[in-house]
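FYI, numbering that gives the first Met the number 0 numbers position 55 of the sequence shown as 54, with every residue one higher than the one before it.
Where a beta carbon is used, it is the ideal one built from N, C-alpha and C, also for glycine.
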Amino acid sequence: MENDASQKLQELKQEWEGILDGFFQQVTLRSQQILVLGCSTSEVVGHRIGQGSSLEVAEILLPPLLNRVRQKGIYLAVQGCEHINRALVVEEDCAEHYGLEIVTVLPALHAGGAMTVKAWDSFMSPVMVETIQGHAGIDVGDTFIGMHLRPVVIPVRLHVKELGEAHLTLARTRPRLIGGPRARYE
C-alpha cells in the first residue's frame with residue numbers, strides 16, 4: 000500500500016514538472032516579477048477544497064516550482080485559503096520591493112493550507128501579505144487567485160487540464176491597452 004502511495008506521488012511530481020515546463024515555455028517573466036500560486040492539495044488528492052490538506056503533496060509540488068522561480072530571479076507568492084483572507088506567503092524582499100503591507104498571521108494546515116505551510120518553511124525570509132498584484136498565476140483546484148493578479152489577465156492553455164484530481168488554470172497578465180480610435184499599440 001505504501002509503495003502505491005509513493006508511486007502516485009512520483010507520478011504527480013512528473014505531471015507537475017510537465018505543467019511547469021509548459022507554463023514557462025509560454026510565459027516569460029522578467030526578474031523580480033511575481034508569480035502567484037494557489038493550490039488546494041485537498042483537490043489534488045480528490046477531496047473537496049479545504050477538507051483533506053496534504054503536506055505530502057505540498058512537499059512534492061513546491062520544490063520544483065521554487066527551484067524554477069529562484070533560477071529565473073522572480074518572486075513566488077503562495078496564496079492561503081479563505082480562513083486567512085487568501086493572504087499570501089512571500090519573501091520579505093518581495094514585500095519591500097513592491098511596498099506591500101505585511102500582516103500578522105502564521106499559515107497552518109487548516110488555516111492557510113498545506114502549500115502555505117510548506118512555503119513558509121521553505122522561503123528564506125517569509126512574511127505574509129494580504130494583497131498583491133502578480134504578473135502571472137497558477138491555480139490548482141479553483142482557489143481563485145484572480146484577486147491577486149494584475150489586469151488584464153490572459154489564460155494560458157496547456158494540453159493538461161488537471162493536476163491529480165484538481166482543475167488547473169494558468170494565466171499571465173499584460174498592461175491595459177488604453178485610448179481611442181487614434182491610439183496605437185505597436
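Whether residue i touches residue j by CB criterion (7 Å)
{"i": "Val77", "j": "Met114", "result": "yes"}
{"i": "Glu10", "j": "Gly140", "result": "no"}
{"i": "Ala110", "j": "Ile83", "result": "yes"}
{"i": "Val44", "j": "Arg171", "result": "no"}
{"i": "Pro63", "j": "Glu16", "result": "yes"}
{"i": "Gly37", "j": "Leu157", "result": "no"}
{"i": "Ile33", "j": "His134", "result": "yes"}
{"i": "Ile144", "j": "Val35", "result": "yes"}
{"i": "Ile48", "j": "Leu87", "result": "no"}
{"i": "Gly112", "j": "Ser30", "result": "no"}
Status (buried if at least 16 other CB within 10 Å, exposed otherwise) for residue i
{"i": "Thr103", "result": "exposed"}
{"i": "Ala118", "result": "buried"}
{"i": "Gly179", "result": "exposed"}
{"i": "Pro106", "result": "buried"}
{"i": "Ile18", "result": "buried"}
{"i": "Ile101", "result": "exposed"}
Simplified DSSP state of residue i, which is helix, strand or coil
{"i": "Ala86", "result": "coil"}
{"i": "Asp141", "result": "coil"}
{"i": "Thr115", "result": "helix"}
{"i": "Thr168", "result": "strand"}
{"i": "Cys38", "result": "strand"}
{"i": "Ala76", "result": "strand"}
{"i": "Gly163", "result": "coil"}
{"i": "Ala94", "result": "helix"}
{"i": "Val152", "result": "strand"}
{"i": "Met127", "result": "strand"}
{"i": "Gly45", "result": "coil"}
{"i": "Ala177", "result": "Note on residue identity: the sequence assigns Ile, not Ala, to residue 177. Ile177 falls in the coil class under three-state DSSP."}
{"i": "Val102", "result": "strand"}
Rounded straight-line distance, which links the Cα of residue j to that of residue i
{"i": "His202", "j": "Lys160", "result": "Residue 202 is absent from the structure shown; the chain starts at 0 and stops at 185."}
{"i": "Lys71", "j": "Glu164", "result": "29 Å"}
{"i": "Arg175", "j": "Ala94", "result": "24 Å"}
{"i": "Val56", "j": "Tyr184", "result": "43 Å"}
{"i": "Leu108", "j": "Leu65", "result": "20 Å"}
{"i": "Phe122", "j": "Glu90", "result": "6 Å"}
{"i": "Leu75", "j": "Asp3", "result": "31 Å"}
{"i": "Leu54", "j": "Val116", "result": "8 Å"}
{"i": "Tyr97", "j": "Leu28", "result": "16 Å"}
{"i": "Arg67", "j": "Ile177", "result": "33 Å"}
{"i": "His46", "j": "Leu169", "result": "21 Å"}
{"i": "Gln6", "j": "Gln13", "result": "11 Å"}
{"i": "Ser124", "j": "Val151", "result": "30 Å"}
{"i": "His147", "j": "Arg181", "result": "32 Å"}
{"i": "Ser39", "j": "Arg149", "result": "22 Å"}
{"i": "Gln24", "j": "Arg173", "result": "17 Å"}
Min CB distance residue i to chain C below 7 Å
{"i": "Leu99", "result": "The question asks about chain C, but that chain is absent: this structure has only one protein chain."}
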